[in-house]
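>
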Amino acid sequence: MNETPLKILILSAEVVPFAKTGGLADVAGALPKALKALGHDVRVAMPRYGRIDPQRFGLREALGAFPVPMDSHSDEARLLESAIAAGDATVPVYLVDNAP
21 MNETPLKILI LSAEVVPFAK TGGLADVAGA LPKALKALGH DVRVAMPRYG RIDPQRFGLR
81 EALGAFPVPM DSHSDEARLL ESAIAAGDAT VPVYLVDNAP
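21 is the number of the first residue of the sequence shown in this note's numbering; add one for each residue after it.
1) What residues match up with proline 4 in a beta bridge as DSSP calls it?
2) So is aspartate 95 buried or exposed if we call it buried at 16+ other beta carbons inside 10 Å?
3) Does the beta carbon of alanine 45 fall short of 7 angstroms from some heavy atom of the ligand FAD?
4) Measure from the alpha carbon of isoleucine 30 to the alpha carbon of each residue in Ala48, Gly59, Ala97, then state which is nearest.
5) Let me check understanding here. Comparing Cα to Cα, which of Asp91, Gly84, Arg80 lies closest to alanine 103?
6) So if DSSP puts glutamate 101 in a beta bridge, which residue, or which two residues, is it bridged to?
7) Just curious, the alpha helix (DSSP H) that valine 47 is in, first and last residue?
8) Would you call the CB atoms of serine 32 and valine 64 closer than 8 angstroms?
9) Between alanine 39 and the rest of its own chain, which residues show a CB-CB distance below 6 angstroms, the 5 nearest in sequence each way excluded?
10) Can you tell me whether leucine 115 is buried or exposed? The criterion is at least 16 other CB atoms within 10 Å of its CB, across all chains shown.
Quick look at the structure:
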């Protein structure tokens, strides 16, 4: 690749293997791998649903509690991190968690 690599953040409601209800999860899981193979700096972000097992996916805290503005108030969230394999590399996956 002769061009400058892009920095790409993919936001999705579901990503294989973390959560899947339809085809979106398949695309959101495959596209980052293809972009990484082209030499781009790719990251994925999605919600951390309660059914996502922290031990199974090796979730670790990437960012402690931070405020998320909501209409007339703020909720607290934190950012967890995992990864998906992309050949010999990995793609970071960030999960936004608002659990107390």
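All C-beta atoms in this analysis are idealised placements derived from N, C-alpha and C, irrespective of residue type, glycine included.
Taking the definition as stated:
1) In the structure as shown, the chain begins at 21 and stops at 120. Residue 4 is therefore absent and cannot be evaluated.
2) Aspartate 95 comes out exposed.
3) Because no ligand of any kind appears in the structure shown, any question about the ligand FAD cannot be addressed here.
4) Among Ala48, Gly59, Ala97, the Cα nearest to that of isoleucine 30 is on Ala48.
5) The shortest Cα separation from alanine 103 among Asp91, Gly84, Arg80 belongs to Arg80.
6) Looking at the DSSP output, glutamate 101 bridges to Arg80, Tyr114.
7) Per DSSP, valine 47 belongs to the alpha helix (DSSP H) from 43-57.
8) For the pair serine 32 and valine 64, the CB atoms are nearer than the 8 angstroms cut-off.
9) Within the same chain, Cβ atoms closer than 6 angstroms to the Cβ of alanine 39 are found at Tyr69, the five residues on either side in sequence being excluded.
10) Counting Cβ neighbours within 10 Å, leucine 115 comes out buried, since at least 16 surround it.
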